[in-house]
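Protein chains in written order, with my numbering: chain F, 5 to 216; chain G, 227 to 236.
Ideal Cβ placement from N, Cα and C applies to all residues, glycine included.
Since the structure comes first, as structure tokens, the remarks are kept for the end.
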Amino acid sequence: MNLFRLFGDLSHLASIFILLHKIRTTRSCRGISFKTQALYVAVFVSRYLDILWEWVSLYNFVMKVFFIASSCFILYLMKMKYRPTHDPSIDTFRVEFLVGPCALLALIFNYKFTFTEVLWSLSIFLESLAILPQLFMLQRTGEAETITTHYLAALGAYRALYIPNWIYRYFSEGVVDPIAVTAGLVQTALYADFFYVYFTTVIQGQKFELPA
Amino acid sequence: GHTDHVKDEL
């Protein structure tokens, strides 16, 4: 464990708490893409259920349980508790165009052609593109509540911080995970223009608005 | 082999 990865995971943890805080305080899930949240459940279930047969560390176990549980709870909040505030008409990204290619990539790029390794690759590829429905919704509405932008900033920072972690591990342990690194670079690149707008508007205390 | 590649990451 190194500080980059620790702060990355803490940023991911923070993003979940910010999202839960937003849903609870505004009593709505307006501006949040259900499809992205559902993809995250698929990502966590497909990658973190290895806690059932592998033990890495207490930290690893607790974090995996938390991410699976919290992402399912968020789906419950969106689909049940605050259902009236969910507008599927603006959450229009075709998820099948995302899952298909990821499944194909996982069948090609994996460390071993076994069910668990292909599933792991699928999870990694899915995670890198899971934010797309949310970004498309943002593009469509052209603006977002400030707290939602903080959620996205923390979420984007999570995998962005994994990049220096991978560099650090390459030089200190001589290990590198090409599949995770490639997907992580793509995942972080998708946040580029969001971060640009975020740091030039929200951080200056203005409202988050995409150029019309 | 690769199968034991760094799986200690989230």
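For residue 118 of chain F, the number of other beta carbons within 10 angstroms of its own is below 16, and it is reported as exposed. Across the set F/153, F/74 and F/122, the C-alpha of F/122 shows the shortest separation from the C-alpha of residue 109 of chain F. When rounded, the separation of the alpha-carbon atoms in residue 180 of chain F and residue 88 of chain F is 45 Å. Residues of the stretch 62-90 of chain F with a Cβ closer than 8 Å to any Cβ of chain G, in chain order: 64, 67, 68 and 71. Under a criterion of Cβ atoms nearer than 7 Å, the residues of chain G adjacent to residue 13 of chain F are, in order, 236. In the three-state DSSP reduction, residue 58 of chain F falls in the coil class, being neither helix nor strand.
Exclusion of the five residues before and after residue 129 of chain F leaves 106, 109, 110 and 187 as the residues of its chain whose Cβ lies within less than 7 Å of its Cβ.
For residue 204 of chain F, the enclosing alpha helix (DSSP H) stretches over residues 196-204. Less than 8 Å divides the Cβ of residue 216 of chain F from the Cβ of residue 146 of chain F.
The beta carbons of residue 172 of chain F and residue 8 of chain F sit about 6 Å from each other, so the pair counts as a contact at 8 Å. With a threshold of 8 Å between beta carbons, residue 184 of chain F makes contact with chain G. Straight through space, the alpha carbons of residue 57 of chain F and residue 193 of chain F are spaced by roughly 33 Å. Contact note: residue 60 of chain F reaches chain G through 233 and 234, using a C-beta cutoff of 8 Å and chain order. The Cβ neighbour count for residue 62 of chain F, taken over all protein chains shown within 10 Å, is under 16; the residue is labelled exposed. Nearest C-alpha to residue 93 of chain F among F/47, F/24 and F/137: F/137.
For residue 133 of chain F, the CB contacts under 7 Å within the same chain, skipping 5 residues up- and downstream, are 102 and 106 in chain order. In the DSSP assignment, residue 33 of chain F falls outside any alpha helix (DSSP H), carrying neither H nor E. Among the bridge pairs identified by DSSP, residue 213 of chain F is matched with F/147.
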